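In what follows, a structure is listed as structure tokens, so that the remarks can point back to it.
Residue numbers (our numbering): 4 to 143.
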């Protein structure tokens, strides 16, 4: 069964996602970062290049010929998933394919809309019997 981790209190959702991705890469994990919104994927892609002066996050998009050997793969569609290790969800809805991954990372944003959507996703997973770990992050 997929392990689910919710992170809250980290400030900006995309910056928090960058920090979590950097940590996962340091732990030699493979991540799929998902949002059906191509603009969010584009913003996140650019942010991975600039968020830290000391961290290099090797990443590419789904469909890239190097996706199967790249630690972080970004996508706004899920037809081509190069692995089933860790999924980081940047969407307001639960990803319909999350259960094929060993671990799912969810981030609660700071806006009321983000918080409400995260609570809805949390209830969705809980109602289906998933054990959920919650991590309270300090603001950075």
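For every residue, glycine included, the Cβ atom is placed at its ideal position computed from N, Cα and C. Fair warning: this is a prediction, and the values are worked out from it, not measured in the lab.
Under 8 Å, do residue i and residue j count as touching if we go by C-beta distance?
{"i": "residue 59", "j": "residue 21", "result": "no"}
{"i": "residue 125", "j": "residue 81", "result": "no"}
{"i": "residue 5", "j": "residue 107", "result": "yes"}
{"i": "residue 140", "j": "residue 89", "result": "no"}
{"i": "residue 94", "j": "residue 56", "result": "no"}
Quick test of your reading: residue i and residue j, contact by CB under 8 Å. State the CB separation rounded to the nearest angstrom.
{"i": "residue 91", "j": "residue 34", "result": "6 Å"}
{"i": "residue 75", "j": "residue 44", "result": "Actually they do not touch by this definition, with Cβ atoms about 12 Å apart."}
{"i": "residue 11", "j": "residue 111", "result": "4 Å"}
{"i": "residue 77", "j": "residue 64", "result": "5 Å"}
Would you kindly work out how many angstroms separate the C-alpha atoms of residue i and residue j, rounded to a whole number?
{"i": "residue 96", "j": "residue 120", "result": "7 Å"}
{"i": "residue 109", "j": "residue 9", "result": "5 Å"}
{"i": "residue 7", "j": "residue 134", "result": "7 Å"}
{"i": "residue 47", "j": "residue 128", "result": "25 Å"}
{"i": "residue 41", "j": "residue 132", "result": "31 Å"}
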